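A.B. asks: Can you keep this structure in mind? I'll have questions shortly.
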């Protein structure tokens, strides 16, 4: 057998009848393969046969979440991320149809899960204005959790900084800001300094 990629590996043959044999191969790389069959050293006239191999079924252990580490969303706003499907050998899948499961934990609401039918899936979610504490989004493919799951968005309140710059206050600090007396000129959080005695001031 001659082939254009070296990863093709025979897994065994089975002789079902005297005039029929079956050879099984595992292909780790998609592409075109040329197959030559010979009997008693004589190449059969229809050879070489060209076989086109595509990616295998999507694997939860190889698929990934794009933008997982950049999930920053305003309180009261929306966020989104994309799941990119790969087969068990790490090849990109070019078709949809896999069963994608998404589960929200904490103060987060799922708005849309879309199969783009090209091997990618988009998840859109929102975080309400009153959200507190961490939020998580678990992602499963055919019932198996992805290696990048859960997705942990950083939710906070957008504040206007100097020179028009914007910053976000995490949701757990937002509670401190809301309960601070109006007459207070500063808010201290003890135990933030490196030595334990320092504090952060707002």
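Numbering (full-length UniProt numbering), first residue to last: 1 to 202. A virtual CB, placed ideally from N, CA and C, is assigned to each residue, including glycine. Model, not experiment: these values are computed from the prediction.
1. Quick check: what's the CA-CA separation for residue 155 versus residue 73?
2. Short check: CB of residue 84 to CB of residue 102, under 9 angstroms?
3. Looking only at C-alpha atoms, which of 123, 106, 34 and 124 sits nearest to residue 136?
4. Nearest by alpha-carbon distance to residue 119: which of 77, 141 and 130 is it?
5. Going by beta carbon distance, what residues of the same chain come within less than 8 angstroms of residue 97, once the five residues before and after it are set aside?
6. How long is the line joining the alpha carbons of residue 20 and residue 41, rounded to whole angstroms?
7. Just to confirm before moving on: does the CB-CB distance between residue 126 and residue 138 stay below 9 angstroms?
8. So the beta strand (DSSP E) residue 103 belongs to, where does it begin and stop?
9. Apart from the five residues on each side of it in sequence, which residues of its chain come closer than 7 angstroms, Cβ to Cβ, to residue 44?
10. Sort 30, 132 and 130 by Cα distance to residue 88 and report the nearest one.
11. Expressed to the nearest angstrom, what Euclidean distance is found between the alpha-carbon atoms of residue 68 and residue 27?
12. Straight-line CA distance for residue 122 to residue 94?
13. Looking at C-alpha atoms only, which residue of 55, 76, 54 and 33 is the closest neighbour of residue 48?
14. Taking residue 49 as part of the beta strand (DSSP E), name the residues at either end of that continuous run.
15. Rounded to the nearest angstrom, what separates residue 144 and residue 56 at their Cα positions?
C.D. replies: This is what the structure holds:
1. Locating residue 155 in the chain shown gives position 155, counting from the first residue. Locating residue 73 in the chain shown gives position 73, counting from the first residue. Rounded to the nearest angstrom, the two C-alpha atoms are 5 angstroms apart.
2. Working through the chain shown from its first residue, we reach residue 84 at position 84. Working through the chain shown from its first residue, we reach residue 102 at position 102. The criterion of a C-beta distance shorter than 9 angstroms is not satisfied by residue 84 and residue 102.
3. Here residue 136 refers to the residue found at position 136 when the chain shown is read from its first residue. Here the closest residue by C-alpha is 106.
4. Counted from its first residue, the chain shown places residue 119 at position 119. Looking at the Cα atoms, 141 is the closest of the given residues.
5. Residue numbering aside, residue 97 sits at position 97 when the chain shown is read from its first letter. Closer than 8 angstroms at the Cβ level, and outside the excluded window around residue 97, lie 115 and 117.
6. Along the chain shown, one-based indexing puts residue 20 at 20. Along the chain shown, one-based indexing puts residue 41 at 41. Going by the C-alpha atoms only, they are around 17 angstroms apart.
7. Translated into positions along the chain shown, residue 126 becomes position 126. Translated into positions along the chain shown, residue 138 becomes position 138. No. Outside cutoff.
8. Stepping through the chain shown from its first residue, residue 103 is reached at position 103. Start and end: 100-105.
9. Here residue 44 is taken as the residue at index 44 of the chain shown, counted from 1. The residues are 37 and 38.
10. Looking up residue 88 in the chain shown gives position 88. Nearest C-alpha to residue 88: 30.
11. By 1-based counting over the chain shown, the position of residue 68 is 68. By 1-based counting over the chain shown, the position of residue 27 is 27. Spanning the two alpha carbons is a distance of roughly 31 angstroms.
12. Residue numbering aside, residue 122 sits at position 122 when the chain shown is read from its first letter. Residue numbering aside, residue 94 sits at position 94 when the chain shown is read from its first letter. So the alpha carbons of these two residues sit roughly 15 angstroms apart.
13. Position 48 of the chain shown, counted from the start, is the residue given in the question as residue 48. The residue with the shortest Cα to Cα distance from residue 48 is 33.
14. Taking the first residue of the chain shown as position 1, residue 49 is located at position 49. Here the beta strand (DSSP E) through residue 49 covers 49-53.
15. As a first step, residue 144 is located in the chain shown; it is residue number 144 there, counting from the start. As a first step, residue 56 is located in the chain shown; it is residue number 56 there, counting from the start. So the alpha carbons of these two residues sit roughly 17 angstroms apart.
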